[in-house]
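J.: Structure provided below as structure tokens; questions to follow.
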Amino acid sequence: MNRLIDISTRLVGYALILLMVSGCIAERPVACPDDDSSAQLSLRLAVQDIRSLRATEPGVEALNENKIESLQILFYSSGALYWSVSPAPSTDGNYSIPIPEDKQGGFDGNSTYDIYVVTNLTFTAPPQESDLAKIPVSESVAKLPNDKFVMQGKTSKQIDLKTPEGKQLGAVELRRVASKLRITPTVDITGYAVTGDIQVKFVGATDRGYLTAEESADGATPISYDYRATQDQQPQLFYSYYSNWSSDPDQAPYYLLTVPLKKEGEMTVVNNYYRVALTPAEPHFTANKLYDLKLGIHKLGSTTPEEPVAITGTLSILPWALCDDQYDLPAANYLEVSEKEAHIYNVETHTISYESSKKPVTPQIVEVSFSYVNGATGKAITKAIPTSSDQYPTVTVVGNQIKIQSKLPINNIPKKIRIKVSNGIAELDKEVTVYQYPSLFITHTMGTKSSLRPDGTLAHNGLNNKAIYRITVQNPPEGMILGFPPRETTDFWPGYWNGSRWVLTGGNKISKLTTKRDAETAQMVSPSFELASQLGATEKWSYLEYGWTQDYSGWNLSWTRTNKIGAFDETALCDCALYTETRIVNGQEVTLGDWRLPTEAEIRLIDQLQNDPNSAVKSIMTGRYYWSAKSDAAIELQGGSSGSTREAFTRCIRDVKEPTIQSHVPYRLDR
106 MNRLIDISTR
116 LVGYALILLM
126 VSGCIAERPV
136 ACPDDDSSAQ
146 LSLRLAVQDI
156 RSLRATEPGV
166 EALNENKIES
176 LQILFYSSGA
186 LYWSVSPAPS
196 TDGNYSIPIP
206 EDKQGGFDGN
216 STYDIYVVTN
226 LTFTAPPQES
236 DLAKIPVSES
246 VAKLPNDKFV
256 MQGKTSKQID
266 LKTPEGKQLG
276 AVELRRVASK
286 LRITPTVDIT
296 GYAVTGDIQV
306 KFVGATDRGY
316 LTAEESADGA
326 TPISYDYRAT
336 QDQQPQLFYS
346 YYSNWSSDPD
356 QAPYYLLTVP
366 LKKEGEMTVV
376 NNYYRVALTP
386 AEPHFTANKL
396 YDLKLGIHKL
406 GSTTPEEPVA
416 ITGTLSILPW
426 ALCDDQYDLP
436 AANYLEVSEK
446 EAHIYNVETH
456 TISYESSKKP
466 VTPQIVEVSF
476 SYVNGATGKA
486 ITKAIPTSSD
496 QYPTVTVVGN
506 QIKIQSKLPI
516 NNIPKKIRIK
526 VSNGIAELDK
536 EVTVYQYPSL
546 FITHTMGTKS
556 SLRPDGTLAH
566 NGLNNKAIYR
576 ITVQNPPEGM
586 ILGFPPRETT
596 DFWPGYWNGS
606 RWVLTGGNKI
616 SKLTTKRDAE
626 TAQMVSPSFE
636 LASQLGATEK
646 WSYLEYGWTQ
656 DYSGWNLSWT
666 RTNKIGAFDE
676 TALCDCALYT
686 ETRIVNGQEV
696 TLGDWRLPTE
706 AEIRLIDQLQ
716 NDPNSAVKSI
726 MTGRYYWSAK
736 SDAAIELQGG
746 SSGSTREAFT
756 RCIRDVKEPT
766 IQSHVPYRLD
776 R
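Residue numbers for the sequence shown follow my numbering, beginning at 106 and rising by one.
This is how it looks when you write it as structure tokens:
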């Protein structure tokens, strides 16, 4: 329902007023003054019933989203306040508003008035219309339910009390000043069941805004929401006033979730922690919009709340309309789908809702493919999956659901499924793209230069791949310890290489975070990490070099080895501590500087992937020996050549704690 304010003159008895807003039609009686000469305006809060996918979220009565406790109407002429009136609340929605005698002369048909209607806000009408936009609104929206919501609307009219038409001010659509945020988690993790309530918290809401100005209000502070309980496939709600994070993407709002999971056959319930960034295309909240996030949880989260696993959902931004009729649909032709892009993780079935004015609805597969960079050639490749393959999906219609069934990819690359949905009216066709991810998958971006190769050229003819591969582990296999490997501060000391040792020269140390070098960390695998491209490929180096000092005794020179690690960038530990690589993100260069040495388990995982006969990506690490963070010996790979346990190649990696580096979707953040 769109809530409308209709202000009209006297009609005989009751008249049927036809209100048409947002494609909706409704008829309601309007109470009127007693005679044609009455200097009164009639006002009714008219409710109309309509449902469409353009406005699917009703204002919920139980949450006081439609409640009106007070009403103020303001008339401005040529930017100056002419009249402000606050009629008493009406139980039936009808208002008869007498016009004071000293104001009647202004309503002679010669002046155009901007008419504002404001509900549930106590304020002094500003003398100048331009000051109305920044009337502060601080009515609390932090509770559930809230007491009420401030709403406002505007229309313009030449009011003429001499004619019935001149008294009819038409329709004013009310818009809430706040925004509504809704998250619906759906948990589907093979071998695990949700046990108990899911706890949800929203971070990034603000406690005040302006009446109509779309900008951050003076004195606005974050709302400190507590966790709120919901259940699997059940929504939870939050609210916020205007917030803008365009100047600092790190301040983008996000959800935190705690999901209690129990593994099949076990009794222990483990809390899994997740973080979901809310990243609409426009980096701000808009008044009276519903930010509806459908969240599919298909992988295990972190077991520590300090480092939640980052996941993504499908965000729809809809009008927060006053709509609650569940059956009527507009008479015009339409076809709408609930998702135009979906990302599904480690599941083989996905359904997408649709609404159509005409049936049957026919889905047609137009593309099934996967894209990767060939490790041997460095060339980007997109391959179509033939219809004869068991990897080719099926799409059916069941009721108002489009059901997509597809076997999980076995080549460690996400599968792209593109579908055209039609109801027979060509101009209404909708395209849906589904990306299907296996439990372990590889995506990529492309490097342009590095600290080792600042001109962007590769070191020699044997290297040809600038792909920065990202490896993501959704559900770890038995025996794998999944988690971001801890780091420790390592000091590197300046000096120079004299051909046989690192000679300390004094000066300030360089302190960097490096992968912890203990046996326990060696067995950990980051849930999502990137491998430096071949722009970061090295020669065979030692793990580290300690610094030496020179001592003279008479004419004799002696050397003393210290425990200070040399800042020698031709050693594995120092190389990754100082390494940088640059790529292009949304047309801008982004330099990544948070690299580290991989753990032993991470190197063995890469080796397993590049030697998997089903894997599309091979030749990722082409040497025989590579350094891990643990310094006792280099790791030997299955293939490759050259190197030893003491002189090995180096390839750095970095943890990715935000779901941002996917080659097939737009970048949102990059950390």
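Idealized CB from N, CA, C, for every residue including glycine. The structure displayed is predicted, hence computed values, not measured ones.
Per DSSP, what kind of secondary structure is Ala624 in: helix, strand or coil?
T.: The answer is helix: DSSP assigns Ala624 an H, G or I state.
J.: With distances taken Cα to Cα, identify the nearest neighbour of Leu640 among Gly567, Arg622, Ala738.
T.: Gly567
J.: Hey, how far is the Cα of Glu369 from the Cα of Ile294?
T.: 11 Å
J.: Leaving aside the five residues before and after Leu405 along the sequence, list all residues of the same chain whose C-beta is less than 8 Å from its C-beta, in chain order.
T.: Take Leu405, set aside five residues on each side of it, and the residues of its chain with a beta-carbon closer than 8 Å to its own are Ile294, Tyr297, Leu366, Asn377, Val414, Gln579, Asn580, Pro581, Leu587, in chain order.
J.: Mind checking whether Glu686 and Ile758 have CB atoms under 8 Å apart?
T.: no
J.: Cα separation between Tyr459 and Lys394?
T.: 21 Å
J.: Output the boundary residues of the alpha helix (DSSP H) element that contains Leu683.
T.: 677-683
J.: By DSSP, does Arg709 sit in helix, in strand, or in coil?
T.: helix
J.: Determine the burial state of Thr667: buried for a count of at least 16 other Cβ atoms within 10 Å of its Cβ, exposed for fewer.
T.: exposed
J.: Excluding the 5 residues preceding and the 5 following Pro590 in the sequence, name in chain order all residues of the same chain whose CB lies nearer than 7 Å to its CB.
T.: Thr620, Lys621, Thr626, Met629, Ser631, Thr704
J.: When the Cβ atoms of the segment 183-192 are set against those of the segment 258-272, are three or more pairs found closer than 8 Å?
T.: no
J.: Who are the Cβ neighbours of Ile490 in its own chain at under 8 Å, not counting the five residues just before and after it?
T.: Val473, Ser474, Phe475, Gln496, Tyr497, Lys520
J.: In the structure shown, what three-state DSSP assignment does Ala531 receive?
T.: helix
J.: Determine the DSSP secondary structure at Tyr432, reduced to helix, strand or coil.
T.: With a pLDDT of only 24 at Tyr432, under 50, the local geometry of the prediction cannot be trusted, and no value is derived from it.
J.: Got a sec, what are the start and stop residues for the beta strand (DSSP E) Pro424 sits in?
T.: 419-424
J.: If you run the structure through DSSP and keep just helix, strand and coil, what is Glu52?
T.: Nothing can be reported for residue 52, as the shown portion of the chain is limited to 106 through 776.
J.: Three or more C-beta pairs closer than 8 Å, one from the segment 590-609 and one from the segment 652-671: is that the case here?
T.: Cβ pair count under 8 Å is three or more, so yes.
J.: Does the Cβ of Asp213 have 16 or more other Cβ atoms within 10 Å, making it buried, or fewer, making it exposed?
T.: exposed
J.: Would you report the Cα separation of Thr409 and Leu714, rounded to the nearest angstrom?
T.: 28 Å
J.: Under 8 Å by Cβ, that's how I've got Gly324 and Pro358 pegged, so tell me the actual separation to the nearest angstrom.
T.: About 19 Å separates the two Cβ atoms, so there is no contact after all.
J.: With a threshold of 8 Å, are at least 3 pairs of Cβ atoms found where one atom belongs to the segment 528-537 and the other to the segment 727-735?
T.: no
J.: In three-state terms, what does DSSP make of Ala739?
T.: Coil, per DSSP.
J.: Rank Pro354, Asn438, Leu383, Leu545 by C-alpha distance to the C-alpha of Ile449 and give the top, closest one.
T.: Checking every option, the nearest Cα to that of Ile449 belongs to Leu545.
J.: Comparing C-alpha positions only, which one of Ile725, Asn661, Phe597, Asn719 sits nearest to Ser638?
T.: It is Ile725.
J.: Indicate whether Gln524 and Ile547 have their beta-carbon atoms separated by less than 8 Å.
T.: One point to set straight first is that residue 524 is Ile, not Gln, in the sequence displayed. No, the Cβ-Cβ distance between Ile524 and Ile547 is not below 8 Å.
J.: What whole-angstrom Cβ distance do Pro468 and Val526 have, given they're in contact under 8 Å?
T.: That belief holds up - the Cβ atoms of Pro468 and Val526 are roughly 5 Å apart, short of 8 Å.
J.: Let me know if Gly744 comes out buried or exposed under the rule of 16 or more other beta-carbons within 10 Å of its beta-carbon.
T.: Per the 10 Å Cβ criterion, exposed.
J.: At what residue ranges does the segment 212-282 contain a whole run of the alpha helix (DSSP H), taking only runs of 4 or more?
T.: 269-272
J.: Give the single residue among Thr727, Ser616, Thr550, Phe228 whose Cα lies nearest to the Cα of Val690.
T.: Thr550
J.: Just how far apart, CA to CA, sit Gly508 and Gly692?
T.: A small correction: the amino acid at residue 508 is Lys; Gly does not occupy that position in the sequence shown. For Lys508 and Gly692, the distance between alpha carbons rounds to 37 Å.
J.: Along the chain, where does the beta strand (DSSP E) that runs through Gln506 open and close?
T.: 506-510
J.: So for Lys285, helix, strand or coil by DSSP?
T.: When DSSP states are grouped into helix, strand and coil, Lys285 belongs to the strand group.
J.: Glu206 lies in the alpha helix (DSSP H); which residues open and close that run?
T.: Looking at the DSSP string, the run of the alpha helix (DSSP H) that includes Glu206 is 206-209.
J.: Count the other CB atoms, across all protein chains shown, that sit within 10 Å of the CB of Ser511; report buried if there are 16 or more and exposed otherwise.
T.: buried
J.: Can you tell which of Leu342, Asp312, Val299 has its C-alpha closest to the C-alpha of Thr373?
T.: Val299
J.: Please name the residue or residues paired with Gln304 in a DSSP beta bridge.
T.: Ala334, Thr363
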